[in-house]
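Protein chains: 4
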Amino acid sequence: MPKIVDHEERRGEVVAAARRIILRDGIEAATTRAIAKEAGYSNGVLTHYFADKDDILVSALEASHRRIAERLADKLSGLGGLAALREVLLDNVPLDDDRVQETGLEIGFWGRSLTSPDLLEVQRREAAELRYLVLSLLQSAAEAGEIRTDEDLEDIAERLLALVDGLSVHRLLYPGRVTDDRLERLILRELDHLSP
Amino acid sequence: MPKIVDHEERRGEVVAAARRIILRDGIEAATTRAIAKEAGYSNGVLTHYFADKDDILVSALEASHRRIAERLADKLSGLGGLAALREVLLDNVPLDDDRVQETGLEIGFWGRSLTSPDLLEVQRREAAELRYLVLSLLQSAAEAGEIRTDEDLEDIAERLLALVDGLSVHRLLYPGRVTDDRLERLILRELDHLSP
Amino acid sequence: MPKIVDHEERRGEVVAAARRIILRDGIEAATTRAIAKEAGYSNGVLTHYFADKDDILVSALEASHRRIAERLADKLSGLGGLAALREVLLDNVPLDDDRVQETGLEIGFWGRSLTSPDLLEVQRREAAELRYLVLSLLQSAAEAGEIRTDEDLEDIAERLLALVDGLSVHRLLYPGRVTDDRLERLILRELDHLSP
Amino acid sequence: MPKIVDHEERRGEVVAAARRIILRDGIEAATTRAIAKEAGYSNGVLTHYFADKDDILVSALEASHRRIAERLADKLSGLGGLAALREVLLDNVPLDDDRVQETGLEIGFWGRSLTSPDLLEVQRREAAELRYLVLSLLQSAAEAGEIRTDEDLEDIAERLLALVDGLSVHRLLYPGRVTDDRLERLILRELDHLSP
DNA sequence: CATGAATGAGTGTTCATTCAT
DNA sequence: TATGAATGAACACTCATTCAT
Numbered sequence: 002m003p004k005i006v007d008h009e010e011r012r013g014e015v016v017a018a019a020r021r022i023i024l025r026d027g028i029e030a031a032t033t034r035a036i037a038k039e040a041g042y043s044n045g046v047l048t049h050y051f052a053d054k055d056d057i058l059v060s061a062l063e064a065s066h067r068r069i070a071e072r073l074a075d076k077l078s079g080l081g082g083l084a085a086l087r088e089v090l091l092d093n094v095p096l097d098d099d100r101v102q103e104t105g106l107e108i109g110f111w112g113r114s115l116t117s118p119d120l121l122e123v124q125r126r127e128a129a130e131l132r133y134l135v136l137s138l139l140q141s142a143a144e145a146g147e148i149r150t151d152e153d154l155e156d157i158a159e160r161l162l163a164l165v166d167g168l169s170v171h172r173l174l175y176p177g178r179v180t181d182d183r184l185e186r187l188i189l190r191e192l193d194h195l196s197p
Numbered sequence: 002m003p004k005i006v007d008h009e010e011r012r013g014e015v016v017a018a019a020r021r022i023i024l025r026d027g028i029e030a031a032t033t034r035a036i037a038k039e040a041g042y043s044n045g046v047l048t049h050y051f052a053d054k055d056d057i058l059v060s061a062l063e064a065s066h067r068r069i070a071e072r073l074a075d076k077l078s079g080l081g082g083l084a085a086l087r088e089v090l091l092d093n094v095p096l097d098d099d100r101v102q103e104t105g106l107e108i109g110f111w112g113r114s115l116t117s118p119d120l121l122e123v124q125r126r127e128a129a130e131l132r133y134l135v136l137s138l139l140q141s142a143a144e145a146g147e148i149r150t151d152e153d154l155e156d157i158a159e160r161l162l163a164l165v166d167g168l169s170v171h172r173l174l175y176p177g178r179v180t181d182d183r184l185e186r187l188i189l190r191e192l193d194h195l196s197p
Numbered sequence: 002m003p004k005i006v007d008h009e010e011r012r013g014e015v016v017a018a019a020r021r022i023i024l025r026d027g028i029e030a031a032t033t034r035a036i037a038k039e040a041g042y043s044n045g046v047l048t049h050y051f052a053d054k055d056d057i058l059v060s061a062l063e064a065s066h067r068r069i070a071e072r073l074a075d076k077l078s079g080l081g082g083l084a085a086l087r088e089v090l091l092d093n094v095p096l097d098d099d100r101v102q103e104t105g106l107e108i109g110f111w112g113r114s115l116t117s118p119d120l121l122e123v124q125r126r127e128a129a130e131l132r133y134l135v136l137s138l139l140q141s142a143a144e145a146g147e148i149r150t151d152e153d154l155e156d157i158a159e160r161l162l163a164l165v166d167g168l169s170v171h172r173l174l175y176p177g178r179v180t181d182d183r184l185e186r187l188i189l190r191e192l193d194h195l196s197p
Numbered sequence: 002m003p004k005i006v007d008h009e010e011r012r013g014e015v016v017a018a019a020r021r022i023i024l025r026d027g028i029e030a031a032t033t034r035a036i037a038k039e040a041g042y043s044n045g046v047l048t049h050y051f052a053d054k055d056d057i058l059v060s061a062l063e064a065s066h067r068r069i070a071e072r073l074a075d076k077l078s079g080l081g082g083l084a085a086l087r088e089v090l091l092d093n094v095p096l097d098d099d100r101v102q103e104t105g106l107e108i109g110f111w112g113r114s115l116t117s118p119d120l121l122e123v124q125r126r127e128a129a130e131l132r133y134l135v136l137s138l139l140q141s142a143a144e145a146g147e148i149r150t151d152e153d154l155e156d157i158a159e160r161l162l163a164l165v166d167g168l169s170v171h172r173l174l175y176p177g178r179v180t181d182d183r184l185e186r187l188i189l190r191e192l193d194h195l196s197p
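Here you go:
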């Protein structure tokens, strides 16, 4: 009997290693050699589990999103409408060290996506899910009379998501300007303004 | 007599070349060779005018911001307060092809800045100027009674700047979601909401 | 009871797989992984039946020759002398797609043989058999008065075999020059010139 | 003033190094590293003078052919028709150590050409020149009444060229069978048979 | 000053081989 | 016996940087 290895588990290990490197040193530092070393394997292992480097990067991006989604799912249990939306937005903003690193990873991937069609597609697919969630919550909030209905819900969704990403970037780049307090306050106030 | 060369002029030529490449093909395409070639010089020239590649990139970022600032200065002549603020925000958003490319450059630099202290410092310095401008215009608008004064002006400034950057990123990554129309509408509405 | 495996049969399967790959995609495509996969086994099996990759290649060359010899044996049944010789020569020339591929395999092995003593030895051994066959047929043809006897039979054999290989190479490399018609015509005319 | 290097000269050095390796150890041994080392330069130099490895290989093949052509030109001076043809054929056959190595190089390239369109094209172009030369000499020989005219000249040309290549391969692979004497004798007899 | 030749480490990727299970 | 995980050297190629001229 050969040594049996759970492929998904190994992929997970490698992807986690890639993620750690990207979080720690940026996406440019994520060379195949560095990833293999960080994962504790030789260069050659990567071929067994990934088609190529892009496959690793894409998986790392998906893993990061999955991680965020799972964390969010916990927080959302039992919530709906505006209350859930509040959690979604606050969760998508770098209010603790973990999320600061996740934002750094995200920004690195944005740059790559601009010149890599494959990555861009993943980026879009993942972003579409978040947008769908926000839009759904806005709709249920509207039906529940929690928010005003004089603005197109899609417009609101895009505004909220843009604000979240913009504030996230600024939190990382200009931490002196965008403090945790201000970050949270701006998000919450934006939601308050939706009230009827 | 030794050949007299205007150092700043040469630096400018090279930096402009680097900027063109980054705008056109992305920051990853900006190799020293490519930059030298685009500038019409040999590889070796770069050493005379720049410490290293990072020096070129930093200068290219500064040049990009300077260019944006100059363009903006033209549009602002004669304007003040809210009207000027509107121009500032609309100008900082990718509503035409030039600005789409500029946004791409910016996003690329964001990623780099997260792991390069030099780049980060420039990024912060440049961003501080824009923030100062927005804040000043908000203040004069407040003094002129053009906007409500029930919100901290710094908060407003950060919100506007975050929205601008967030929408800019989304315009590039998710053009199907953030159309030119929606982009402009969201910016203008944000300003409308500042009215007393 | 231990599993009983017919070593020769397993070797045969793997060698046949190697041969298929070389015929289809060239000798460079015959990696150990590709061979194992084509044979329907795992990488590891190869070690049990072959010393190393070269062992597989050598066997593949022998298998290819064996296959050609068997095909030829069918065509020769009942024939002798000049008539048999004609079949031998025409059969050794790429007049259909199968033989085009066989010629490709052969040419690939020629290159390898020049730097691999093992391969060279196999090549020589196999070639010696064909030469012996041609020479035998020439002798019986001579005894039957079917061919002139003013030229050394060994010279004739070498000339015929060289012509066959030379034309085969040119058929593959310069198909525009060496058409099927010309190929066949040149072979047959060469035999005609042997007539007394 | 920079160090001025004759590009063609450097290319020549590298190509010569590649040729030496191919002649000595076979075309598979001609890795870019090995070529650079053999040429006495670092890996990086190759980029200055060649687009990629294929460029080097193609150049090496062309250089080999050029070398052969130049050597032949010397021998042909003052000759024409059948006498010139005799020199052409004898020169294209491995009758000394230099030409044995050249033949080895040629055979290695044949194998590569079967899977590399670029190489195949060069191979064909170069071969076409030799064919043209042989055909021209056959024509002038025919006009001069030196050879019989009952066979298509193109057929004769292909036969002669195939014989030359076939004998060349066999000389390398089966030196015990195809001696220098027999090689020369078979070529010359082939020409004798063309006599009217 | 400017050139461009040269370097050599580094990139992603491939591969024959080994070996614990 | 058979598996397939794992290795690590090798591959072609790229790049920022150095430096003699």
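Protein chains in written order, with the numbering used here: chain A, 2 to 197; chain B, 2 to 197; chain C, 2 to 197; chain D, 2 to 197.
Using N, Cα and C, we set each Cβ at its ideal position, and we do this for glycine too.
Just so it is clear, the structure is predicted and the values come from calculations on it, not from any experiment.
Inset, instruction - Kindly indicate which residue of D/75, D/187, D/96 has the alpha-carbon position closest to the one of residue 154 of chain C. - result: D/187
Legend entry - residue 26 of chain D: contacting residues in chain C (beta-carbon distance under 8 Å): 116
Legend entry - Neighbourhood of residue 19 of chain A by C-beta, 6 Å cutoff - its chain only, sequence neighbours within 5 removed: 31, 36, 57, 61
Legend entry - residue 3 of chain C burial status per 10 Å Cβ neighbour count (16 or more: buried): Note on residue 3 of chain C: pLDDT 41, under 50, position unreliable in the model; the coordinate value appears next. It counts as exposed.
Inset, instruction - Say whether chain B places a C-beta atom closer than 7 Å to the C-beta of residue 187 of chain A. - result: yes
Legend entry - C-beta neighbour in chain D for residue 105 of chain C, strict 7 Å: yes
Legend entry - Own chain residues within Cβ distance below 8 Å of residue 28 of chain A, not counting five before or after: 58, 106, 109, 110, 112, 113
Legend entry - Where the stretch 20-45 of chain B meets chain A: residues whose CB sits under 9 Å from a CB there: 26, 27, 28, 29, 30
Inset, instruction - Check the Cβ of residue 133 of chain C against every Cβ in chain D and list those closer than 8 Å, keeping chain order. - result: The contacting residues do not exist; residue 133 of chain C stays about 11 Å from chain D at best.
Inset, instruction - Would you mind reading off the limits of the alpha helix (DSSP H) that contains residue 118 of chain D? - result: 118-144
Legend entry - Runs of alpha helix (DSSP H) wholly within the stretch 47-117 of chain D (minimum 4 residues, chain order): List check, alpha helix (DSSP H) in window: 54-77, 82-92, 98-114.
Legend entry - Beta-carbon spacing of residue 77 of chain C, residue 163 of chain D below 7 Å: It is not a contact, given that the beta carbons lie outside the stated cut-off.
Inset, instruction - Taking only the alpha-carbon atoms, compute the straight-line gap between residue 95 of chain A and residue 47 of chain D and give it to the nearest angstrom. - result: Approximately 48 Å, taken between the alpha carbons.
Legend entry - the stretch 130-144 of chain A touching the stretch 79-95 of chain A, judged by at least three CB pairs closer than 8 Å: yes
Inset, instruction - Tell me, to the nearest whole angstrom, how far the beta carbon of residue 63 of chain A is from that of residue 15 of chain A; I am working on the premise that it is less than 8 Å. - result: Going by Cβ atoms, the distance from residue 63 of chain A to residue 15 of chain A rounds to 13 Å, so no, they are not a contact pair.
Legend entry - Distance between residue 148 of chain A and residue 193 of chain A (C-alpha atoms, nearest Å): The alpha-carbon atoms of residue 193 of chain A and residue 148 of chain A are separated by roughly 9 Å.
Legend entry - Alpha-carbon spacing of residue 128 of chain A relative to residue 137 of chain A, whole angstroms: 14 Å
Inset, instruction - Check whether the Cβ of residue 160 of chain D lies closer than 7 Å to any Cβ atom in chain C. - result: yes
Legend entry - Proximity below 7 Å, CB of residue 39 of chain C to CB of residue 22 of chain C: Yes.
Legend entry - Positions along the stretch 79-108 of chain A whose CB lies within less than 8 Å of some CB in chain B: Cβ contacts with chain B come from 105, 108.
Legend entry - Opening and closing residue of the alpha helix (DSSP H) in which residue 155 of chain D lies: 154-174
Legend entry - Whole-angstrom distance between residue 196 of chain A and residue 126 of chain B, CA atom to CA atom: 37 Å
Legend entry - Range covered by the alpha helix (DSSP H) that runs through residue 193 of chain C: 181-193
Legend entry - Span of the alpha helix (DSSP H) around residue 23 of chain A: 8-26
Inset, instruction - Check the Cβ-Cβ distances between residue 171 of chain D and every residue of chain C, and say whether any is below 7 Å. - result: yes
Inset, instruction - State the Cα-Cα distance for the pair residue 174 of chain A and residue 120 of chain B, rounded to the nearest angstrom. - result: 11 Å
Legend entry - Interface flag, residue 143 of chain C vs chain D, CB-CB below 7 Å: no
Inset, instruction - Tell me whether residue 71 of chain B is buried or exposed, calling it buried when 16 or more other Cβ atoms sit within 10 Å of its Cβ. - result: Classification of residue 71 of chain B: exposed, given that the 10 Å Cβ count is below 16.
Inset, instruction - Could you name the residues of the same chain whose beta carbon sits closer than 8 Å to that of residue 178 of chain D, not counting the 5 residues immediately before and after it, in chain order? - result: Cβ within range, chain order: 171.
Inset, instruction - Return no unless some Cβ of chain B is closer than 7 Å to the Cβ of residue 166 of chain A. - result: yes
Inset, instruction - Let me know the secondary structure DSSP gives residue 31 of chain B once reduced to three states. - result: coil
Inset, instruction - Say whether chain C places a C-beta atom closer than 7 Å to the C-beta of residue 136 of chain D. - result: no
Legend entry - 8 Å CB neighbourhood of residue 115 of chain C in its chain, flanking five on each side removed: Closer than 8 Å at Cβ, skipping near neighbours: 121.
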